[in-house]
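Report on the following structure.
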Amino acid sequence: MNRRKKTIFLICVSIIVIFSVFIGGLIIPETALKADFSIKNSSPSLNHIFGTDYMGRDMFLRTIKGMSTSIIIGMVSSFISVVIAVVLGTVAGTFSKYVDGFVCWLIDFVMGIPHIILLILISFALGRGFKGIFIGIAVTHWTSLARIIRGEVIQIKNEQYIKISKKMGKSKFYIMKNHILPFIIPQTIIGGILLFPHAILHEASVTFLGFGLSPETPAIGIILSESMKYITTGYWWLAFFPGLVLIIVVVLFDILGENIKLLINPYTSQE
Amino acid sequence: MAIECKNITFGYSKDNILFKNISFSVDYGERVGIVAKSGFGKSTLAKIIAGYEKPLSGEIIVDGKPITKKGYNPVQLIYQHPEKAINPMWKMEKVLLEENVLNDYIINSLGIKKEWLKRYPTELSGGELQRFSVARALCENTKFIIADEITTMVDPITQSQIWHFLIEECQKRNMGMIIVTHNMYLAEKICTRIINLEDMALE
Ligand SMILES: Nc1ncnc2c1ncn2[C@@H]1O[C@H](COP(=O)(O)OP(=O)(O)OP(=O)(O)O)[C@@H](O)[C@H]1O
Ligand SMILES: [Mg+2]
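Chains as they are written, first to last, in this note's numbering: chain X, 1 to 271; chain V, 272 to 474.
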């Protein structure tokens, strides 16, 4: 297997697994998660491979459903982050020194505040729930991508073909749309995918700390914080399997991002 | 007096002056050859005239007015290195469409093959690419063309094809041309007047 084939193989596997978890979570009906106290707290078995919780709910189904919710949150908030990063990054690189100075200041300012504190504040201020989480994660996660995009824009701006385009009377907007944006799109896609794991982990931790989604939502953070109450009683499977699935999904996103990067990069893509 | 270079002094840093007080002018319909030894600053001067670099002192006057920064610059430069002058992510078709010069007349006269239009710049040779740079500079608003060693990488037949077409267009549209070259033989053949910058710098 050459490197290119291996890269494509890893990308496909990650997409298939992530997609199955996502779709799986969507099609699991609420009724499948009904309480059944006759089988509460049973350890993993063939019937319930992740065991059951204190209400007798199947932990496998709960985990998949929770993970699916997390993936939606990750997608929406990464997408908003990417949009903010692209807009601010290109604007900083394209327009005057003052605009650039302001954007750089904003990036440093947001980066300077610890993510988790800003997230908790925003989530709290907007009333816990999806809206607070989306906005909180989006607002805290755009900075490093914006900085990368700004650097790329400044680099490409000095290319001869852009200077020529300017001398041919093309507007800044035309140059941005036709020369600069197509150049930064590959970077942006990779940046967006690599943002994903951060977004999911932050959502889980804010929810875990009790500042995020409400306890009725089937979310991985809720499941984990609930499980912590039972961990001393020896019901290890309650935290172990959901935690493991969370880590696996996060790692898969990372593999996906890194391999797409290899594929898009012209120097490594053909090896 | 269509383009006037008045006392142009330039250096990439203040204490390393490349040339001092260069003055000359080029009229419509003229083809002025510029020669000087390698490294003198011919390409640099070409960039100054086309507005890509600012001189330390002196000015460029076109039709009685200093060159404007905004809008279409009637003085268009064709670069020595076409691979840097064309966006590597664009198909050649788009390169020509950007300047609205995708027409059969220009394409055929420059020997651009139809199949090249669907390719990316990395899939063409230097000489093939240069024809696109030439075509692009022939946008209808162009009044002056500065050609900076544009045919050094092509064979004699292609060279004569490109020059024939450029000269014909310039005469038809009454454009002025500044031709930067090492090749004295070429300069004598195509220019109406030759300026040696080294002599000018000595005066
Ligand atoms: N961007 C730059 N920054 C600093 N120095 C430069 C830059 N571009 C060119 N130079 C220097 O300026 C001098 C003149 O360069 P230029 O390319 O104008 O020469 P030229 O006369 O066109 O030479 P050739 O005939 O070899 O093309 C050279 O010594 C070169 O090293
Ligand atoms: Mg040169």
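We put the beta carbon where it would ideally sit given N, CA and C, even for glycine.
Counting C-beta neighbours from all protein chains within 10 Å, is the total for Y161 (chain X) 16 or more, i.e. buried, or is it exposed?
Counting every other CB atom within 10 Å of its CB across the protein chains shown gives Y161 (chain X) a total of 16 or more, marking it as buried.
Please state if the CB of K313 (chain V) and the CB of I305 (chain V) are separated by a distance shorter than 9 angstroms.
yes
List the residues of chain V whose Cβ lies closer than 9 angstroms to the Cβ of V167 (chain X), in chain order.
In the sequence as displayed, the identity of residue 167 (chain X) is Lys instead of Val. In chain order: A321, G322, Y323, Y343, N344, V346, Q347 and L348.
When you compare each of V:L457, V:L468 and V:N379 to I421 (chain V) by their alpha carbons, which one comes out closest?
V:L457
Examine ligand 1 and report whether any of its heavy atoms sits within less than 8 angstroms of the Cβ of T315 (chain V).
yes
Is the region 6 to 15 of chain X in contact with the region 238 to 258 of chain X, if contact means three or more CB pairs nearer than 8 angstroms?
yes
Determine the burial state of S225 (chain X): buried for a count of at least 16 other Cβ atoms within 10 Å of its Cβ, exposed for fewer.
Its Cβ being crowded by 16 or more others within 10 Å, S225 (chain X) is buried.
Taking C-beta pairs closer than 7 angstroms, name the residues in chain V that I164 (chain X) reaches, listed in chain order.
A356
Going by the beta-carbon positions, is the gap between P392 (chain V) and L400 (chain V) smaller than 9 angstroms?
yes
Given that H179 (chain X) touches chain V, what residues does it touch there, using C-beta distances under 7 angstroms?
N358
Quick check on L88 (chain X): buried or exposed, where buried means 16 or more other Cβ atoms within 10 Å of its Cβ?
buried
The beta strand (DSSP E) with T280 (chain V) in it runs from where to where?
I274 to F281
Taking the C-alpha atoms as reference points, what is the distance between V405 (chain V) and I465 (chain V)?
Roughly 22 angstroms separates the two Cα atoms.
Establish whether the CB of K170 (chain X) and some CB of chain V are separated by less than 9 angstroms.
yes
Inter-stretch contact (C-beta, 8 angstroms, three-pair minimum) for the region 168 to 184 of chain X and the region 137 to 145 of chain X
no
With a cut-off of 8 angstroms on the beta carbons, I'd call I28 (chain X) and I71 (chain X) a contact; round off their distance for me.
With 8 angstroms as the limit, I28 (chain X) and I71 (chain X) do not qualify as a contact, their Cβ atoms being about 14 angstroms apart.
Measure the alpha-carbon distance for V86 (chain X) versus P337 (chain V) and round it to whole angstroms.
37 angstroms
Report the rounded CA-to-CA distance for I164 (chain X) versus G101 (chain X), giving the unit in angstroms.
26 angstroms
Per DSSP, K341 (chain V) forms a beta bridge with which residues?
DSSP, once it has assigned bridges, lists no residue as partnering K341 (chain V).
Would you identify the three-state DSSP class for E271 (chain X), choosing helix, strand or coil?
Caution is warranted here: a pLDDT of 47 is assigned to E271 (chain X), below 50, making its placement in the model unreliable, and no coordinate value can be reported.
I'd like to know whether the C-beta of V251 (chain X) is nearer than 9 angstroms to at least one C-beta of chain V.
no
Within 10 Å of its beta-carbon, does F134 (chain X) have 16 or more other beta-carbons around it, so buried, or fewer, so exposed?
buried
Using a Cβ-Cβ cut-off of less than 7 angstroms, list which residues of the region 181 to 194 of chain X approach chain V; keep chain order.
P182 and F183
Against chain V: residues of the region 95 to 120 of chain X by CB proximity under 8 angstroms
none
For a test of your reading of the model: does the CB of D419 (chain V) fall under 8 angstroms from any non-hydrogen atom of ligand 2? Yes or no.
yes
Please list, in chain order, all residues of the same chain as D286 (chain V) whose beta carbon is under 7 angstroms from its beta carbon, the five residues on each side excluded.
none
Check each candidate in V:H453, V:A307 and V:F295 and name the one with the smallest Cα separation from N467 (chain V).
The shortest C-alpha separation from N467 (chain V) is found at V:A307.
Tell me which residue opens and which closes the beta strand (DSSP E) that D108 (chain X) is part of.
Run containing D108 (chain X): none in the beta strand (DSSP E); it sits in the alpha helix (DSSP H), K97 to G112.
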